[in-house]
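Counting from 1225, one number per residue, gives the positions in the sequence shown under the numbering used here. In this text, a Cβ means the ideal position worked out from N, Cα and C, and glycines have one as well.
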Amino acid sequence: MTVTKAGAVIEGLNITGPVIIEAPNVTLKNCKITFTGYWGVYIKPGVTGTIVQDNEINGTGTNNEGSHGILGTGTFLRNNIYNVENGITLNGGDTTIRDNYIHDLKASGAPHYDGIEVDGGISNVTIEHNTVLNDHTQTSAVMIDNYFGPVSNVKVDNNYLVGGGYTVYVDGQFNGGSISGVSVTNNYLEKGYYGYYLVRNNDATVSGNAQAPARRAPAVEKSLR
1225 MTVTKAGAVI
1235 EGLNITGPVI
1245 IEAPNVTLKN
1255 CKITFTGYWG
1265 VYIKPGVTGT
1275 IVQDNEINGT
1285 GTNNEGSHGI
1295 LGTGTFLRNN
1305 IYNVENGITL
1315 NGGDTTIRDN
1325 YIHDLKASGA
1335 PHYDGIEVDG
1345 GISNVTIEHN
1355 TVLNDHTQTS
1365 AVMIDNYFGP
1375 VSNVKVDNNY
1385 LVGGGYTVYV
1395 DGQFNGGSIS
1405 GVSVTNNYLE
1415 KGYYGYYLVR
1425 NNDATVSGNA
1435 QAPARRAPAV
1445 EKSLR
């Protein structure tokens, strides 16, 4: 499905294949999206005002190397995302990621699993009150790096984050520019294979985080089909 009408509302559908959003101010809600391939929801660069909320996004775990549940920018609320390599990946800034459940990451090929990816060229992002479970021993629950450009003003607050190599990366080792204004605060963390955090070549604020208590699925899972 390709959405080309500005202000369109896509609601309550059972969709097979990706949803590609090319127009501004589109809302996608209460849908079940089942796909193979590279993305479940793709918001093209430069598209603004997208809201993706209360959807179930299933990447099926096959023929999906490099897959993303959601790829783009916008407001992403209460989505249940699974069977993908990467849960939510940003391709621009000015994004809110809140109350999503990202779990059971599974992909073909040689995957590098990330729950939420911020890979540079990005600013003004809020990541809060999400549950991200990466039960693999590599990569991350949240990855922030400067691979594709500088990063500024990213808040990671009050999430439940599990697994990966390090649970949270704030990694400025690449040549894309500086990382500034990143905070990782008040989260519950379950230790990754190597540790809780990797903060490299930047001065991210890391405070108020605690060891995660016993796991439980958030209410979002129960509210979806």
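For this session: Could you tell me which uninterrupted beta strand (DSSP E) segments, each at least 3 residues in length, are contained entirely in the region 1267-1325, listed from first to last along the chain?
Result: 1275-1277, 1280-1282, 1292-1295, 1299-1301, 1304-1306, 1310-1313 and 1319-1322
Exercise. Which residues in the same chain as Thr-1391 place their Cβ atom closer than 6 Å to its Cβ, once the five residues preceding and following it in sequence are excluded?
Worked result: Ala-1365, Leu-1385, Leu-1413, Gly-1416 and Tyr-1420
Exercise. If you drop the 5 nearest sequence neighbours on each side, which residues of the same chain put their C-beta closer than 7 Å to that of Val-1276?
Worked result: Leu-1252, Val-1265, Ile-1294, Gly-1298, Phe-1300 and Asn-1303
For this session: Leaving aside the five residues before and after Ser-1431 along the sequence, list all residues of the same chain whose C-beta is less than 6 Å from its C-beta, in chain order.
Result: Thr-1409
Problem set entry | Test item: CB-CB of Pro-1269 and Glu-1309 under 8 Å | no
Exercise. What residue range is occupied by the uninterrupted beta strand (DSSP E) comprising Leu-1237?
Worked result: First-last for Leu-1237: undefined, no H or E at that position.
For this session: Within its chain, find whatever has a CB closer than 7 Å to the CB of Gly-1236; leave out the 5 residues flanking it on each side and keep chain order.
Result: Asn-1254 and Cys-1255
For this session: Identify which residue in Val-1271, Val-1406 and Ile-1239 has its Cα closest to the Cα of Thr-1350.
Result: Val-1406
Exercise. If you draw a straight line from the alpha carbon of Lys-1330 to that of Thr-1284, how long is it in whole angstroms?
Worked result: 8 Å
Exercise. Excluding five sequence neighbours on each side, which residues of the same chain lie with their C-beta closer than 6 Å to the C-beta of Ile-1326?
Worked result: Ile-1305, Gly-1311, Gly-1339 and Val-1356
For this session: Since I believe Ser-1347 is in contact with Glu-1289 (beta carbons under 8 Å), could you give me their beta-carbon distance rounded to a whole number of angstroms?
Result: No, Glu-1289 and Ser-1347 are not in contact; Cβ-Cβ is about 29 Å, not under 8 Å.
Exercise. Do you know whose CA, among Val-1243, Thr-1258 and Thr-1260, lies nearest Ile-1267's CA?
Worked result: Val-1243
Problem set entry | Spatial neighbours of Asn-1411 in its chain, beta-carbon cut-off 6 Å, leaving aside the 5 residues before and after | Asn-1383, Leu-1385 and Asn-1433
For this session: Tell me, to the nearest whole angstrom, how far the beta carbon of Asn-1370 is from that of Gly-1389; I am working on the premise that it is less than 8 Å.
Result: That belief does not hold up - the Cβ atoms of Asn-1370 and Gly-1389 are roughly 18 Å apart, past 8 Å.
Exercise. Taking C-alpha atoms, which residue in Ala-1247, Pro-1374, Ile-1239 and Gly-1241 lies nearest to Ala-1232?
Worked result: Ala-1247
Exercise. In this structure, what does DSSP give as the bridge partners for Tyr-1412?
Worked result: Tyr-1384 and Ala-1434
Exercise. What does Arg-1424 pair with, by DSSP beta-bridge criteria?
Worked result: Asp-1395
Problem set entry | Residue interval of the beta strand (DSSP E) (run including Asn-1358) | 1355-1358
Problem set entry | beta strand (DSSP E) segment containing Thr-1258, residue limits | 1256-1258
Exercise. Residues in its own chain within less than 8 Å of Gly-1373 by CB, not counting five upstream and five downstream?
Worked result: Gly-1344, Gly-1345, Ile-1346, Gly-1400 and Gly-1401
Exercise. From Val-1227 to Asn-1324, what does the alpha carbon distance come to, in whole angstroms?
Worked result: 23 Å
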